[in-house]
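>
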Amino acid sequence: MFKLKLKPIVAALIIALGVSGNAFAQDNLVNAVKNNQSNQSKELFTFTDVINLENTPVKDQGSSGTCWSYSGNSFIESEMIRKGKKPVELAQIYTARNAYIEKGKMYVKMHGNVELGEGGQFHDVMNTYKKYGAVPREVYTGLSEGQTRNNFSEMSKMNEAILGSIIKNDKLSDNWLDAYTAVIDTYLGQAPAEFMYEGKKYTPKTFADQVVGINPDDYVEISSFKEYPYYSKFVLLVPDNWSFDLVYNVKMNELVDVVDNALKEGYTVAWAGDVSEKGFSWKNGVAYVPEIDFSVMTPEQKADMFNGPKAEKKVTEDDRQKAFDNYETTDDHGMHIVGIAKDQNGKEYYIVKNSWGLSNDYKGYLYMTKEFMKYKATAIMVNKNAVPKAIAKKLSL
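Mapping of the sequence shown onto mature numbering (1 follows the signal peptide of the UniProt record, and there is no 0): residues -25 to -1, 1 to 372, in sequence order.
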């Protein structure tokens, strides 16, 4: 850990701007779904594992919009396990720190016309891994002295302030990037150029190559929107895709085919999507698509939503496209799918690892129906070798 010492330029900006630690969008998201719960949910559900792939312990992202990094690095850790390697808890904030550097560059190039928030995409995890490498969390936590949980509120306001000032200039100075990086490093700590791990010296690049040992080019992002040609690539139009990366497009039900095949072959899946739904209960650890719309439910039906298995709406491609187009489906969270379970009626759910700590009925995990997964996913990331052969052929993988 490092001690937070404000450089003069940073201290002056804080005083001038009156920066305060306002609540984060991620905190607001957790608060928005905390009331989605029923009193007897755990007693009235019986889940039995069908597939439960090995993964590392659940983490807590704190007050930071870094779910994409926590779930993306959890995904990499499971890939290490699948490849027979000893898993390492990777530094989620090292990934985020490097993504914020790259995001700042894009923000300036685009004259401020891209997203600058804390969010990101799974390709950010792979892109920064490829460029910057990786480090163990014990080497880089992003926590200042005395901190136990991430809180990026003040840093985010500082980033907005300094880059907002930079893009107003007629001509950029030669050291604007150094100034911006100094703000991030003041809050998160300087990234290590080299470090010791288990008695051996590494750089982030050699650690990625020799210890983590994944090839970022082996991973693909897949989505499904009927407005684009199937089996082609398109730019996923969500604010956090600040790098304008391309994703593959498949039919909606093929998202399920990809996830099921991956899990059956021993590969986990990173899932990005919308959890700000009445059918998503973090407290009860269940996510489904209610057959009856919440707006017309009786108070008794609302109170009973998560008390055991319920009938689901059968989602269509039109439903999925419409929900995205009218902002019902937003790209607000990233999680890690690690298995399949059945309820007492034989219905299958995905076992999903979250990064909100252990504060729910299933100690950081939840059970998501296949309807919810395909309806509310904005994209998934998977090893390309886990894609079913028929779909892989259509995608020219």
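Backbone N, C-alpha and C define an ideal beta-carbon position, used for all residues, glycine too.
Only counting the same chain, and skipping five residues up and downstream in sequence, which positions put a Cβ closer than 6 angstroms to that of residue 155?
Taking the sequence shown and counting its residues from 1, one reaches residue 155 at position 180. These residues qualify, in order along the chain: 79 and 137.
> If you run the structure through DSSP and keep just helix, strand and coil, what is residue 66?
Walking along the sequence shown from the start, residue 66 turns up at place 91. In the structure shown, residue 66 sits in coil (DSSP, three-state: anything other than H, G, I, E or B).
> Just to confirm my understanding: we take residue 87, look at its own chain, exclude 5 residues before and 5 after, and list those with CB closer than 6 angstroms. What are they?
Position 112 of the sequence shown holds residue 87. Within the same chain, residue 87 has close Cβ partners 142.
> Identify every residue that forms a DSSP beta bridge with residue 326.
Counted from its first residue, the sequence shown places residue 326 at position 351. The bridge partners DSSP lists for residue 326 are 314 and 342.
> Buried or exposed: residue 120, going by 16 or more other Cβ atoms within 10 Å of its Cβ?
What you label residue 120 is simply residue 145 of the sequence shown in a count that begins at 1. Of the other Cβ atoms in all chains shown, fewer than 16 fall within 10 Å of the Cβ of residue 120; this residue is therefore exposed.
> Got a sec? Which residues, its chain only, sit under 6 angstroms from residue 162 by beta carbon, not counting five neighbours each side?
On the sequence shown, position 187 is the one that residue 162 refers to. Hits under 6 angstroms: 130.
> Apart from the five residues just before and just after residue 250, which ones in its own chain have a Cβ nearer than 6 angstroms to its Cβ?
Counted from its first residue, the sequence shown places residue 250 at position 275. Closer than 6 angstroms at the Cβ level, and outside the excluded window around residue 250, lie 308.
> Leaving out five residues on either side along the sequence, give the residues of the same chain with a beta carbon under 7 angstroms from the beta carbon of residue 281.
Counting from one through the sequence shown, the residue named residue 281 turns up at place 306. The answer, listed in chain order, is 12, 13, 16, 256, 259 and 261.
> Let me make sure I understand the geometry here. Which of 55, 333, 275 and 270 has the alpha-carbon closest to that of residue 33?
The residue given as residue 33 occupies position 58 in the sequence shown. Of 55, 333, 275 and 270, the residue nearest in Cα terms is 333.
> Name, in chain order, the residues that DSSP records as bridge partners for residue 170.
Looking up residue 170 in the sequence shown gives position 195. Residue 170 pairs with 177.
> So which of 217, 352, 64 and 219 has the shortest CA-CA distance to residue 113?
The count along the sequence shown starts at 1 and reaches residue 113 at position 138. Out of 217, 352, 64 and 219, 64 has the C-alpha closest to the C-alpha of residue 113.
> Within the continuous beta strand (DSSP E) that includes residue 356, where are the two ends?
Stepping through the sequence shown from its first residue, residue 356 is reached at position 381. Membership of residue 356 in the beta strand (DSSP E) is indicated by the continuous run 352 to 358.
> Would you call residue 104 buried or exposed, if buried means 16 or more other Cβ atoms sit within 10 Å of its Cβ?
Within the sequence shown, residue 104 is the residue found at index 129, counting from 1. Residue 104 comes out buried.
> Which of the three DSSP states is assigned to residue 244 in this structure?
Within the sequence shown, the letter at position 269 stands for residue 244. Residue state, collapsed to three classes: strand.
> According to DSSP, residue 309 sits in a beta bridge with which residue or residues?
The residue given as residue 309 occupies position 334 in the sequence shown. 247, per the DSSP bridge assignment.
> Look at the alpha carbon of residue 324 and the alpha carbon of residue 369, and state the distance between them as a whole number of angstroms.
Locating residue 324 in the sequence shown gives position 349, where the first residue counts as 1. Locating residue 369 in the sequence shown gives position 394, where the first residue counts as 1. Those two C-alpha atoms are separated by around 27 angstroms.
> Compare the C-alpha of residue 110 against each of 166, 147, 97 and 93 and name the closest.
For the purposes of this step, residue 110 is identified with residue 135 of the sequence shown, where counting begins at 1. Comparing Cα-Cα distances from residue 110 to each of 166, 147, 97 and 93, the minimum goes to 166.
> Classify residue 220 as helix, strand or coil using the three-state DSSP reduction.
Within the sequence shown, residue 220 is the residue found at index 245, counting from 1. Coil, per DSSP.
> Can you say whether residue -15 is buried or exposed, counting buried as having 16 or more other CB atoms within 10 angstroms of its CB?
Translated into positions along the sequence shown, residue -15 becomes position 11. For residue -15, the predicted structure reports a pLDDT of 41, less than 50, and the residue's modelled location is therefore unreliable. A value from the coordinates is still provided. It is exposed - the Cβ of residue -15 has fewer than 16 other Cβ atoms within 10 Å.
> Give me the residue from 4, 299 and 328 with the minimum Cα distance to residue 199.
Indexing the sequence shown from 1 puts residue 199 at position 224. Nearest option by C-alpha distance: 299.
> With DSSP run on the structure shown, which of helix, strand or coil describes residue 197?
Taking the first residue of the sequence shown as 1, we reach residue 197 at position 222. For residue 197, the secondary structure class from DSSP, reduced to helix, strand or coil, is strand.
> Excluding the five sequence neighbours on either side, which residues of its own chain have a C-beta within less than 8 angstroms of the C-beta of residue 181, listed in chain order?
Numbered from its first residue, the sequence shown carries residue 181 at position 206. Result list for residue 181: 108, in chain order.
> Under the rule that 16 or more other beta-carbon atoms within 10 Å means buried, what is residue 330, buried or exposed?
Translated into positions along the sequence shown, residue 330 becomes position 355. Buried, since its Cβ has 16 or more Cβ neighbours within 10 Å.
> Quick check on DSSP: helix, strand or coil for residue 189?
Here residue 189 is taken as the residue at index 214 of the sequence shown, counted from 1. Residue 189: coil per DSSP, three-state reduction.
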